[in-house]
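In UniProt numbering, the protein residues as written are 1 to 302.
Okay, here's the thing in C-alpha cells:
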C-alpha cells in the first residue's frame, strides 16, 4: 500500500502537467457544440436584463422549450410573448426564488405542465449598492436569500431528476465581483462569493455523475438596468459588457460543457494577480481603477 501511494505521489505532477497541456491545446481548437433541440431550459430572473437575453439566445440556438421564472409578471409576459412570436415555445411562472416553499411548489407545477427541466439557469439577483452601515437589515437579508439561497432551492428542486435521467446542466450567472469585491456593494459581493463556493462544490460533487454538468459565468460589469448609474473610471479600457454578448457566450459555454467562463477573458489576469500580490498593491489597483467610487452614483432599478 505504501509503495502504491508513493508511486501515485510521484506520478501526480506528471498527471497535472498532462492535463494543463491538454486543456491548453484543446482551447485553441474549435469545440463541438451539443444539440439543444431536446432541452427544456428554465431561467430564473428571466423577465429582464441578462435573463431576458438568455431566454432569447437559448430559443435562437434551438432549445425545445424555454421557461421563465421571476417576480414581475409584466416583464415575464412580455419576454415570453417576444420569444413565442419568433417561433419558439416559451412559458412563464411567477416565482420568487427566495421563497423556498414557492420554489418547490412551482417546480412541481412545471414538471406537471411542461415536463422535466434539463437545463437550469440560476440568474435571478438583486443589488442594493450601499455600504454595510448604510444598508437596511431586511435589504441585506433579501440579497442573500435571492442571490445565494435561491440557488439551493432551485437546484434541489430540479437536480434529482437530472441525475435520474443522467442528463442535465446547472448554470450560474455569477460575477467577477465574487473574486474581486468592490466597496459600496457589500451585499452583492458577499452573496456572489457564496454563490461561487456553492457552484464550485456542486461541480466537484457531480464529477462521478454521468451526463450532468455545471457552468459558472463570471462577467465584468454588464450594461443592464440592475447596475444603472455604476461608473467605471476608464470606460474605453474597461467597457461594460453588453447583455446579449454575455447571453451568447453563456449558451455557447453550456453547449461546449465549459465549467468556468470569465467575461471578458482578461478577467483571468485579475484572479491571477490576486493570488500573489500584496494587499497594498491590490489597494493601489482599486484606487487606479476607481472601484472605490464606482458605486457613488449607483441608482439600480427603479
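By construction, the Cβ of each residue, glycine as well, lies at the ideal position given by its N, Cα and C atoms.
Its chain contains 261, 263 as the residues whose beta carbon lies nearer than 7 angstroms to that of residue 249, once the 5 sequence neighbours on both sides are disregarded; these appear in chain order. The three-state reading of DSSP puts residue 69 in strand, counting E and B together.
By the Cβ rule, the stretch 161–172 does not count as touching the stretch 125–140, because fewer than three pairs are nearer than 8 angstroms.
The residue among 180, 202, 203 with its C-alpha nearest the C-alpha of residue 192 is 180. Distance between residue 56 and residue 16, taken at the CA atoms: about 39 angstroms. In terms of Cα proximity to residue 79, the closest of 58, 98, 96, 99 is 58. The DSSP-derived three-state label of residue 214 is strand. Taking a cut-off of 8 angstroms on C-beta distances, the stretch 108–118 does not touch the stretch 142–153, as fewer than three cross pairs fall below it. With the rule of 3 Cβ pairs closer than 8 angstroms, the stretch 94–105 counts as touching the stretch 64–80.
For residue 189, the uninterrupted alpha helix (DSSP H) run begins and ends at 186–205, by DSSP. Within the model, the alpha-carbon separation for residue 182 versus residue 282 is close to 11 angstroms. Under the three-pair Cβ rule at 8 angstroms, the stretch 197–204 does not count as touching the stretch 238–253. As DSSP reads the structure, residue 21 sits in no beta bridge.
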